[in-house]
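Throughout the sequence shown, residue numbering follows the working numbering, covering 1 to 755 in sequence. Heads up, the thing below is written out as structure tokens.
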Amino acid sequence: GAVKVLDFGLAKLNGPAEAGPSPSDLVNSPTITSPAAMTRMGVILGTAAYMSPEQAKGKPVDRAADLWAFGAVLYEMLAGKVAFDGETVTDVLAAIIMRDPDWTALPPATPPSIVRLLRRCLDRDRRRRLADAGEARFQIEEALAGPGNAGSAHARATRRGALAWAPWAIAAAALAVAVVALAWPRDTAPAASMTHVSLEAPRGGALSTVLRPALAISPDGSSVVFVATVAGVDRLYVRDGHQFDARVLEGTEGASHPDISPDGRWVAFIAMNKLYKVPIGGGAKTELATVNDPRGLSWDLDDAILVTPQSVGGIITVPAAGGRAGIVTTPVSGTERTHRWPQMLPGGRAVMFTVGDFANPDNYYGAKIDVQILATGERRTVLHAAEMARYSASGHLIFARAGALFSVPFDPVSLAAGDAPQGLLQGLAGDSTTGAAHFDISPAGTLAYIAAGGDQALTRPAWVDRAGRIEFLEVPAGVYTDPSISPDGRRIAVSVVAGGGRDIWIYHVDRKTFTRTTFGGQNVTPLWSADGSWIYFASLDPSDSSSTIWRRRADGSRDAEPVVFLPHRLYLNALSRDGRHIIFDHSHAATKASDIALVPLLRDAVSTPIVATNAEEFTSRPSPDGRWLAYESNESSRSEIYVRPADPGASGRWQVSTTGGREPKWSRDGRSLYYRFDNQLFSVAIESTPAFENRTPVQVLSNVYDPRIETGVAYDVHPDGRFLMIRLADENAVSDSIRLILNAFDEIRKIGSGK
């Protein structure tokens, strides 16, 4: 046979492009091997049969193109034919872009793990492709060490099968080494101890990267626990050692934010507003505490768990064996809103955490990292503009900042950090609304992280009918929140996040036009007047947490005008039926609780509370006749939907949801009340004459809400009964793998030294 040598380093070349491949010999069409050549937009370089789809389209390429080429060569060595063929170069490129390889051409004895490796290498979506050549080598070595090569009676009985695939394995291992060598920058010697490995989400699922950290790595680095969404349900999964497939931890439905105990035996997690622990090997879970929309948990060294039990407030400690919680930190009243994402530092002397303030409740780009000495209560700030931090046994803090991961030297004795953070990697997945970052580092030196999935956060509004059919609006992908349909159903107001601000846009359903109505600022929660002629919205002032309610003509014929100023942060819920009041929810700086209030649309007006308790109440909606108010409350430790009279002075209340509920919305005739919980939409039949009465909730739709995105209020109801929902713009643009960097300390120290 012929020996083929390919340069897998096309993404690293620099210089002018050379001529493209000749159609006379497609498989051996010329590849660029000189460092003087490069790949640039609109230019196709490389051997045609081994080009990646992005190369074939003339797009910029990176390491992912090299992994595609590796997969194409490995496929050819196994199948005895090229993966993509055709009569002309154009035919070959079309095959690469449009067709899959003939997987049936692979030898029957090919191990399943190698078939999976090939499929990962030859995935057209470069974001789903194998992350690194080191992972290919890892998987090949794992296959070589499998049952076919074990020194057992079973191995001897199957030696013939092992010998049948050993030659390709040896060649593939050599190719993997070649990829590592050739894909590395030509002027840099790779760190021999660095290995990159990728762990996939369960088949048919995706990693859940909303609100809270989605992964944890065991202290010895041998196990990774992560949250994945499969069939609309979040659960914990464990990837042990060199096992290819992850296993589910039963009983963890609705889980988020895992953390592994110092001895590696237990996993703590949050589910349904409860703190639990479960054996990492599987078994019954144990309830430890009730929490309310928590923002952080971390085992300490004394078999207790640090927890931020709600989205506002400080940190508590909960005994891992059960028992009374104790207070660890308390935010500074009036300025600090939250202490979150805690971690006990080595020695158990001090706790480290993220501090968020009232001035920036919607993002953590300007947050700081503080440490507090437990014995004295002394606090000091060690990092500014950092969203979440973890201590590395290399003597560094690893922290997130604007979608990237950084390191900085840190002394756990003096609690002092260096003043020159260095970048470790770009494209880190996180949730800017909560300051969560999806990474962890073990004391043994393994760094685990989730890479941002390209257009991961981009959404589009869509119509969804009762059969579940989806029709996207003709608007560009973006970050959309709080959809509001006009009374006649012909226009849609929505808040669009862009450039650090939020603006109100209006979509005309018949004309399919999309018009911006505000320019600059933080403008949220648009509401329509009863006749559809006015749009009301809240403009938030991040400098002092105040808000102004504005209105403007929906047709744009007049500039926006302020209506009423309020000295707290608020979100508009609804206009009263007479159009003279607005119902809103807001948070108290002192109690941190969210309450529902009513304010007249008059300058200098004073608000009147409607629902004000120690629990949190929000997203209220009056019935079309104005008699009833539906709202969400977490007084029972989880969010449920309640209905009460809309008159602030009246009494009476009814719970209409039974297993949790969020975001109530009335039908236009007031005979049904809808609400969402997790990814399901429910309907409750309502009778209000002579007295209020609700029926049993009925599920209307499933998979209506994607937990990988955060949308504020996620839907509205059209007069014809359809639903307008915020949907993920690209179902494939999400992270589906966890990246591991073994021996990460070497890289951290090397970057820190400037080498």
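Virtual Cβ for every residue (Gly too), placed ideally from N, Cα, C.
Checklist entry - For residue 154, does the count of other Cβ atoms within 10 angstroms reach 16, so buried, or fall short, so exposed? => result For this step, residue 154 is matched to residue 154 along the sequence shown. Residue confidence for residue 154 is low, a pLDDT of 32 falling below 50, so the modelled location carries little weight; the figure read from the coordinates is stated next. Residue 154 comes out exposed.
Next on the checklist: Given this structure, state the Cα-to-Cα distance separating residue 749 from residue 392, to the nearest angstrom.
Outcome noted: As a first step, residue 749 is located in the sequence shown; it is residue number 749 there, counting from the start. As a first step, residue 392 is located in the sequence shown; it is residue number 392 there, counting from the start. When rounded, the distance between both Cα atoms is 11 Å.
Checklist entry - How many Å lie between residue 715 and residue 533 at the Cα? => result For the purposes of this step, residue 715 is taken as residue 715 along the sequence shown, with counting starting at 1. For the purposes of this step, residue 533 is taken as residue 533 along the sequence shown, with counting starting at 1. Cα-Cα distance, rounded: 22 Å.
Checklist entry - How many Å lie between residue 647 and residue 691 at the Cα? => result Within the sequence shown, the letter at position 647 stands for residue 647. Within the sequence shown, the letter at position 691 stands for residue 691. Roughly 15 Å between the two C-alpha positions.
Next on the checklist: So, at 8 Å on beta carbons, what are the nonlocal neighbours of residue 390 in its own chain, with the 5 sequence-adjacent residues on each side left out?
Outcome noted: As a first step, residue 390 is located in the sequence shown; it is residue number 390 there, counting from the start. Answer for residue 390: 343, 397, 398, 399, 439, 440, 441, listed in chain order.
Checklist entry - Who does residue 266 pair with in a DSSP beta bridge? => result In the sequence shown, counting from the first residue as 1, residue 266 sits at position 266. 279.
Checklist entry - Residues in its own chain within less than 6 Å of residue 346 by CB, not counting five upstream and five downstream? => result For the purposes of this step, residue 346 is taken as the residue at position 346 of the sequence shown. Once the five neighbours on either side are set aside, the close Cβ partners of residue 346 are 412.
Item to check | DSSP bridge partner residues for residue 388 (one or two, in chain order) | outcome: Reading the sequence shown from its first residue, position 388 is the one you call residue 388. Looking at the DSSP assignment, residue 388 forms a beta bridge with 400.
Next on the checklist: Using a Cβ distance threshold of 8 Å, determine whether the segment 740 to 747 contacts the segment 687 to 704, with at least three qualifying pairs required.
Outcome noted: no
Checklist entry - Can you list, in chain order, the residues of its chain whose CB lies under 7 Å from that of residue 331, leaving out five sequence neighbours each side? => result Mapped onto the sequence shown, residue 331 falls at position 331. Excluding sequence neighbours, residue 331 sits near 313, 314, 337, 338, 339.
Checklist entry - If residue 236 sits next to residue 225, beta carbons under 8 Å apart, how far is it from one beta carbon to the other, in whole angstroms? => result Sequence index remark: in the sequence shown, residue 236 carries index 236 (1-based). Sequence index remark: in the sequence shown, residue 225 carries index 225 (1-based). With 8 Å as the limit, residue 236 and residue 225 qualify as a contact, their Cβ atoms being about 6 Å apart.
Checklist entry - Using 8 Å as the threshold, is the segment 630 to 642 in touch with the segment 656 to 665, meaning 3 or more CB pairs across them? => result yes
Item to check | Exposed unless 16 or more other CB atoms sit within 10 angstroms - verdict on residue 377 | outcome: Numbered from its first residue, the sequence shown carries residue 377 at position 377. With fewer than 16 Cβ atoms within 10 Å of its Cβ, residue 377 is classed as exposed.
Item to check | Candidates 557, 555, 562: closest to residue 537 by CA position | outcome: Taking the sequence shown and counting its residues from 1, one reaches residue 537 at position 537. Here the closest residue by C-alpha is 562.
Checklist entry - Beta-carbon separation of residue 717 and residue 666 under 9 Å? => result Stepping through the sequence shown from its first residue, residue 717 is reached at position 717. Stepping through the sequence shown from its first residue, residue 666 is reached at position 666. Yes, Cβ-Cβ distance for residue 717 and residue 666 is below 9 Å.
Item to check | Top-ranked residue by Cα proximity to residue 485, from 696, 108, 197, 723 | outcome: Position 485 of the sequence shown, counting from 1, holds the residue named residue 485. Cα-wise, what sits closest to residue 485 is 723.
Item to check | Assumed close pair residue 556, residue 613 - CB separation to whole angstroms, cut-off 8 Å | outcome: Here residue 556 refers to the residue found at position 556 when the sequence shown is read from its first residue. Here residue 613 refers to the residue found at position 613 when the sequence shown is read from its first residue. Contact flag wrong, Cβ pair sits at about 41 Å.
Checklist entry - On the premise that residue 259 lies in contact with residue 271, defined as a C-beta separation below 8 Å, what is that separation, rounded to the nearest angstrom? => result For the purposes of this step, residue 271 is taken as residue 271 along the sequence shown, with counting starting at 1. For the purposes of this step, residue 259 is taken as residue 259 along the sequence shown, with counting starting at 1. Not a contact, Cβ separation roughly 13 Å.
Item to check | Buried or exposed by the 16-neighbour rule on C-beta atoms within 10 Å, applied to residue 356 | outcome: Reading the sequence shown from its first residue, position 356 is the one you call residue 356. When all chains shown are included, residue 356 counts as buried.
Checklist entry - Per DSSP, which one or two residues make a beta bridge with residue 538? => result One-based indexing of the sequence shown puts residue 538 at position 538. DSSP lists 524, 549 as partners of residue 538.
Checklist entry - Per DSSP, which one or two residues make a beta bridge with residue 724? => result In the sequence shown, residue 724 corresponds to position 724, counting from 1. DSSP output for residue 724 lists 463, 716 as bridge partner(s).
Next on the checklist: Which residue wins for smallest C-alpha separation from residue 200, given the options 246, 233, 234?
Outcome noted: Your numbering for residue 200 matches position 200 in the sequence shown. Closest by alpha carbon: 246.
Checklist entry - Is the Cβ-Cβ distance between residue 512 and residue 471 less than 9 Å? => result Position 512 of the sequence shown holds residue 512. Position 471 of the sequence shown holds residue 471. Taking 9 Å as the Cβ cut-off, residue 512 and residue 471 do not qualify as a contacting pair.
Checklist entry - How many angstroms separate the CA atom of residue 620 from the CA atom of residue 597? => result For the purposes of this step, residue 620 is taken as residue 620 along the sequence shown, with counting starting at 1. For the purposes of this step, residue 597 is taken as residue 597 along the sequence shown, with counting starting at 1. Their Cα atoms are separated by approximately 10 Å.
Checklist entry - Apart from the five residues on each side of it in sequence, which residues of its chain come closer than 8 Å, Cβ to Cβ, to residue 321? => result By one-based count along the sequence shown, residue 321 stands at place 321. The answer, listed in chain order, is 303.
Item to check | Counted within 10 angstroms of its Cβ, other Cβ atoms place residue 587 as buried (16 or more) or exposed | outcome: For this step, residue 587 is matched to residue 587 along the sequence shown. Result: buried.
Checklist entry - In chain order, what residues of the same chain have a beta carbon less than 6 Å from the beta carbon of residue 261, not counting five sequence neighbours either side? => result Against the sequence shown, residue 261 aligns to sequence position 261. Result list for residue 261: 299, in chain order.
Item to check | Short Cβ contact (9 Å threshold) for residue 584 with residue 572 | outcome: Position 584 of the sequence shown, counting from 1, holds the residue named residue 584. Position 572 of the sequence shown, counting from 1, holds the residue named residue 572. Contact: yes.
Item to check | Same chain, Cβ closer than 8 Å to residue 415, five either side skipped, listed in chain order | outcome: As a first step, residue 415 must be located in the sequence shown, where it is residue number 415. Correct list, in chain order: 345, 350, 371, 373, 380, 382.
Item to check | Through-space distance from residue 101 to residue 781, alpha-carbon basis | outcome: Residue 781 lies beyond the residue range present for the chain, which begins at 1 and ends at 755; the question has no answer from this structure.
Checklist entry - If you run the structure through DSSP and keep just helix, strand and coil, what is residue 702? => result Your numbering for residue 702 matches position 702 in the sequence shown. Of the three classes helix, strand and coil, the one that applies to residue 702 here is strand, per DSSP.
Next on the checklist: Measuring only the C-alpha atoms, how far is residue 558 from residue 552?
Outcome noted: Locating residue 558 in the sequence shown gives position 558, counting from the first residue. Locating residue 552 in the sequence shown gives position 552, counting from the first residue. Cα to Cα, the separation comes out at about 6 Å.
Checklist entry - In its own chain, which residues sit with a C-beta less than 8 Å from the C-beta of residue 84, not counting the 5 before and 5 after it? => result Indexing the sequence shown from 1 puts residue 84 at position 84. Within the same chain, Cβ atoms closer than 8 Å to the Cβ of residue 84 are found at 49, 72, 92, 95, 96, 99, 101, the five residues on either side in sequence being excluded.
Checklist entry - residue 327: buried (16+ other C-beta within 10 angstroms of its C-beta) or exposed? => result Numbered from 1 along the sequence shown, position 327 holds the residue referred to as residue 327. Exposed, since its Cβ has fewer than 16 Cβ neighbours within 10 Å.
Checklist entry - Which one or two residues does DSSP pair with residue 758 in a beta bridge? => result Since the first and last residues shown for the chain are 1 and 755, residue 758 lies out of range.
Item to check | Inter-residue Cα distance where the pair is residue 289 and residue 308 | outcome: Counted from its first residue, the sequence shown places residue 289 at position 289. Counted from its first residue, the sequence shown places residue 308 at position 308. Rounded to the nearest angstrom, the two C-alpha atoms are 12 Å apart.
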